[in-house]
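Each residue of the sequence shown is one higher than the one before, counting from 220 in the numbering used here. For glycine and all other residues, C-beta sits at the position ideal for the given N, C-alpha and C. Here is the structure we will look at.
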Amino acid sequence: MLSRFRLRARNFLVPVPEADSFAALNARLEESCRSDLERTTRGQTLTNAQLLERERAELLAIPKEPLSIRQVESVRANSLSLVRFDRNDYSVPTRYAHRRLTVVADVERVRVETTGTIVANHPRSWDRCRTIFDPIHYLGLLERKPGALDFALPLEGWELPECFAALRLRLAEDEGPRGQVEYIRVLRLLEQATLGELTAAVEQALSLEVSAADGVRLILEHRRDRPTATLDLEGLPHLPRVSVPEPDLSGYRSLCGEVPR
């Protein structure tokens, strides 16, 4: 197979072809392959296309399940919440430090799993000796050590929308040093929400003069709620006749110092 590939490469890719796009290059290669099918090679009486049809009868059926092109490795996270794969280090949430995990990697992504749950998902780096951080993985630790927020290496170069800086400033004005912890609690909402969702919630919170993390969380949850559709009673004539009796609230009068009658 390798020798055949080299033969086709010499025939179709030497000299190196020039094309305006990959689509144009693929079209050119397809045309070359189809022309090659009509050729009769030395020592054969049939064309390549005829030989291909003969060989197809002997080919196995294509598997129903797609071929899984991935690499699986068992790793252990170190004290810095990093796992090593293919000579690069990838971060995991700090609660998984020192734990045995499984790396599942393909050509584009590196996923870190434990008991079937994905705990980290990174773009794969094809460089060497690099450390790939996800800042969100370290927010839980920073909540306990808020003074390191501006100096933590995993957060270096982390760019957030301008509304986060405005929120941080308001928290510092309203709560002083405690505002740093409250700001990190807001950032930790990224553990359950996308950056776009949290950005919209923070912008709404600022417009409502809300800065506390619990307030931002409530706004975020409210924005996720979907309105319940009103029941259409058309075609259900018996439903409007249903009546619900008023509950007896006399038992609550004792709370007001009244004796039930």
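Counting every other CB atom within 10 Å of its CB across the protein chains shown gives glutamate 381 a total below 16, marking it as exposed. In the three-state scheme derived from DSSP, where H, G and I count as helix and E and B as strand, phenylalanine 241 is classed as helix. In the assembly as shown, tyrosine 471 is an exposed residue. Its beta-carbon has fewer than 16 other beta-carbons within 10 Å. Going by beta carbons, valine 429 and leucine 408 fall outside the 8 Å limit. Residue range 432-443 is occupied by the alpha helix (DSSP H) that includes histidine 441. Threonine 313 and isoleucine 403 have their alpha carbons spaced roughly 15 Å apart. Comparing alpha carbon positions, the residue from Glu292, Pro354, Asn297, Leu299 closest to arginine 330 is Glu292. Restricting attention to Asp444, Pro373, Arg328, the CA atom closest to the CA of glutamine 290 is found in Arg328. Rounded to whole angstroms, the gap between the alpha carbons of glycine 366 and serine 240 is 51 Å.
In the structure shown, glutamate 362 adopts helical secondary structure according to DSSP, grouped into three states. Nearest C-alpha to leucine 301 among Glu274, Ser287, Ala316: Ala316. Within the stretch 227-301, the complete beta strand (DSSP E) runs of at least 3 residues fall at 290-295.
Minimum Cα-Cα distance from threonine 259 among the listed residues Glu249, Leu270, Ser251, Glu250 corresponds to Leu270.
Residue pairing for proline 342: DSSP places it in a beta bridge opposite Arg328. The stretch 407-421 makes contact with the stretch 380-396, as at least three CB pairs between them are under 8 Å.
Judged by their CB atoms, glutamate 362 and valine 400 are nearer to each other than the 8 Å cut-off.
Taking C-alpha positions only, aspartate 433 is separated from leucine 244 by approximately 55 Å. Judged by DSSP in its simplified three-state form, arginine 404 adopts helix. By the 16-neighbour rule on beta-carbons within 10 angstroms, glycine 398 is buried.
Between the C-alpha atoms of serine 462 and serine 473 there is a straight-line separation of about 28 Å. Pairing threonine 336 with aspartate 308 gives a Cβ-Cβ distance that is not under 8 Å.
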